[in-house]
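Okay, so the sequence shown: first residue is 6 according to my numbering, each after it adds one. Backbone N, C-alpha and C define an ideal beta-carbon position, used for all residues, glycine too.
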Amino acid sequence: MKISTLFILAITALADIAPPPSQFYPLNRKGEIPQIQPYTYGQDVFIDCITRNIDNGEHKFDSNDRIVYGAFPVCKETGQPLSFHYGVSEDINCTITFTDELYHLFQLYIHEDSPFSCRIPLSTEANYLESGGAFIPLTFNFRGEIHDAHLDIDQHMNLIIMKPPNNKAEKQTVISAVAWSSGTNATRVIIGEEMTLELAVRWLDNIKPSGSLTKGLNSLPFDDGFYKLHMSSVPISTKTLIFLLIVVALVASSVSCGGYSMKYKKRGYGPVDHESSIAKQD
């Protein structure tokens with residue numbers, strides 16, 4: 006057998022065991038890497054959610070056979086559907102009214118027959134999603150119990166949103182998001198009643214990706230790779246962490262100065278005048 010034939014066979018064998026090609030996520034409707042108009046700090050982040058048939062939980066589709074999305078239920082506090090502020094970790098209350106339709110949808114969500122699936126647009130352009138733009142999924146995982154005449158729902162939710170770790174203005178978008186019930190007390194709800202969702206919204210911007218396959222490629226909306234949580238990850242943003250460190254430093258400095266002052270007083274030292282000089286008392 007010729008060497009060239011052996012070489013071709015070897016290359017073919019390596020191709021068979023090579024890992025499958027990787028693809029950036031998310032892509033737009035055309036299957037292309039999205040171009041974005043980035044968010045700015047504090048800007049409103051709007052979401053919309055998959056509409057479902059209350060009989061079976063199946064998606065609703067439009068005339069083009071595309072999934073129909075609708076607004077999140079209106080919050081009584083604002084008179085608007087739920088939204089967040091980009092990069093701002095905060096606690097949000099959103100009181101919703103259980104119409105007949107919403108009540109039956111929550112039966113599906115709690116029983117896990119259908120997910121409460123929403124999405125966050127990758128870009129801030131007007132009508133971005135309607136024109137086929139890319140988005141990040143956000144699923145609200147409610148827990149509770151279904152009864153014959155009412156629902157018990159845990160409305161206390163942690164909501165984590167991850168954003169790029171750098172401060173480059175052109176890369177300010179969203180990487181991933183998830184929300185889940187985290188309380189021990191459920192609220193009893195019937196049709197026509199209200200329930201206040203208590204959302205602890207936390208933004209993570211201190212996670213750097215590992216395993217990049219396109220490092221330095223500027224055409225991506227953000228760096229690719231695995232945004233893996235640290236074993237001892239602090240679930241707060243870098244800005245919040247820096248603020249807390251400054252506060253701790255100031256408190257420590259104050260305590261330290263107070264301790265030195267008490268030590269000098271015990272040894273009989275006192276101020277010479279109103280300045281900071283110290284003199285020994287006879």
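- Item | Endpoints, beta strand (DSSP E) assigned at E203 | Here residue 203 is taken as the residue at index 198 of the sequence shown, counted from 1. Counting along the chain, the beta strand (DSSP E) containing E203 begins and ends at 199-209.
- For L32, count neighbouring Cβ atoms within 10 angstroms of its own Cβ and tell me buried if that reaches 16, exposed if not. In the sequence shown, the residue the question calls residue 32 occupies position 27. Answer is exposed; the Cβ neighbour count stays below 16.
- Between T178 and Q85, what straight-line distance do the alpha-carbon atoms span, to the nearest angstrom? Numbered from 1 along the sequence shown, position 173 holds the residue referred to as residue 178. Numbered from 1 along the sequence shown, position 80 holds the residue referred to as residue 85. T178 and Q85: Cα-Cα distance of roughly 22 Å.
- Message: Here's the rule I'm using: 16 or more other beta-carbon atoms within 10 Å means buried, otherwise exposed. How should R321 be labelled?
- Response: Any question about residue 321 goes unanswered here, given that the chain covers just 6 to 287.
- Comparing alpha-carbon positions, which option in S128, Y44, E63 lies nearest R71? If you number the sequence shown from 1, residue 71 lands on position 66. It is E63 whose Cα lies nearest to the Cα of R71.
- Item | C-beta contact flag for I212 and L234 at 8 Å | What you label residue 212 is simply residue 207 of the sequence shown in a count that begins at 1. What you label residue 234 is simply residue 229 of the sequence shown in a count that begins at 1. Yes, the pair counts as a contact, with Cβ atoms nearer than the cut-off.
- Skipping 5 residues on each side, what residues in its chain have a beta carbon closer than 8 Å to that of A76? Position 71 of the sequence shown, counted from the first residue, corresponds to residue 76. Answer for A76: D53, C54, P86, listed in chain order.
- Message: Quick check on this structure: which residue in F227, Q160, T102 has the alpha carbon closest to the alpha carbon of Y44?
- Response: For this step, residue 44 is matched to residue 39 along the sequence shown. Cα-wise, what sits closest to Y44 is F227.
- Task: For G36, count neighbouring C-beta atoms within 10 Å of its own C-beta (all shown protein chains included) and say buried if the count is 16 or more, exposed if not.
- Result: Position 31 of the sequence shown, counting from 1, holds the residue named residue 36. By the 10 Å Cβ count, G36 comes out exposed.
- Message: Contact between the region 143-154 and the region 107-117 is defined here as three or more beta-carbon pairs at a separation below 8 Å; is this criterion met?
- Response: Flag = yes, the region 143-154 and the region 107-117 touch.
- Item | Nonlocal neighbours in the same chain, by C-beta distance under 7 Å from L110, ignoring five residues either side | In the sequence shown, counting from the first residue as 1, residue 110 sits at position 105. Excluding positions up to five away in sequence, the list reads R57, I59.
- Query: Thinking just about the alpha-carbon of each residue, which of N98, S181, D229, F66 is nearest to the one in T201?
  - Reply: In the sequence shown, the residue the question calls residue 201 occupies position 196. The residue with the shortest Cα to Cα distance from T201 is N98.
- Please classify I158: is it buried, with 16 or more other beta-carbons within 10 angstroms of its beta-carbon, or exposed? Position 153 of the sequence shown, counting from 1, holds the residue named residue 158. It is buried - the Cβ of I158 has at least 16 other Cβ atoms within 10 Å.
- Contact under 8 Å by Cβ, E82 with T104: For the purposes of this step, residue 82 is identified with residue 77 of the sequence shown, where counting begins at 1. For the purposes of this step, residue 104 is identified with residue 99 of the sequence shown, where counting begins at 1. No; because the gap between Cβ atoms is not below 8 Å, this pair is not in contact.
- Ends of the beta strand (DSSP E) at L218? Here residue 218 corresponds to residue number 213 of the sequence shown, with the count starting at 1. No beta strand (DSSP E) holds L218; DSSP gives it neither H nor E.
- Query: For V79, which residues from the same chain have a beta carbon less than 6 Å from its beta carbon, with the 5 sequence-adjacent residues on both sides left out?
  - Reply: Counted from its first residue, the sequence shown places residue 79 at position 74. Counting only Cβ-Cβ distances below 6 Å, and skipping sequence neighbours, we find P86.
- Query: In chain order, what residues of the same chain lie with their CB nearer than 8 Å to the CB of L107, ignoring the 5 residues before and after it?
  - Reply: Position 102 of the sequence shown, counted from the first residue, corresponds to residue 107. Closer than 8 Å at the Cβ level, and outside the excluded window around L107, lie P78, I101.
- For M167, is the classification buried or exposed, using 16 other Cβ atoms within 10 angstroms of its Cβ as the cut-off for buried? Numbered from 1 along the sequence shown, position 162 holds the residue referred to as residue 167. Classification of M167: buried, given that the 10 Å Cβ count is 16 or more.
- Would a C-beta distance cut-off of 8 Å place R193 and H161 closer than the cut-off? Mapped onto the sequence shown, residue 193 falls at position 188. Mapped onto the sequence shown, residue 161 falls at position 156. Going by C-beta atoms, R193 is not nearer than 8 Å to H161.
- Query: Using 8 Å as the limit for Cβ to Cβ distance, is L107 near chain D?
  - Reply: This model lacks chain D altogether; it includes just one protein chain.
- Item | Short Cβ contact (8 Å threshold) for G92 with W208 | Along the sequence shown, read from residue 1 onward, the residue named residue 92 stands at position 87. Along the sequence shown, read from residue 1 onward, the residue named residue 208 stands at position 203. Yes, the Cβ-Cβ distance between G92 and W208 is below 8 Å.
- Just the C-alpha distance for V206 and F66, rounded to the nearest angstrom, thanks. The sequence position of residue 206 within the sequence shown is 201, counting from 1. The sequence position of residue 66 within the sequence shown is 61, counting from 1. Each residue's Cα considered, the two are about 31 Å apart.
- P126 versus D49, S187, S186, residue with shortest Cα-Cα distance: Translated into positions along the sequence shown, residue 126 becomes position 121. With distances taken between Cα atoms, P126 lies closest to D49.
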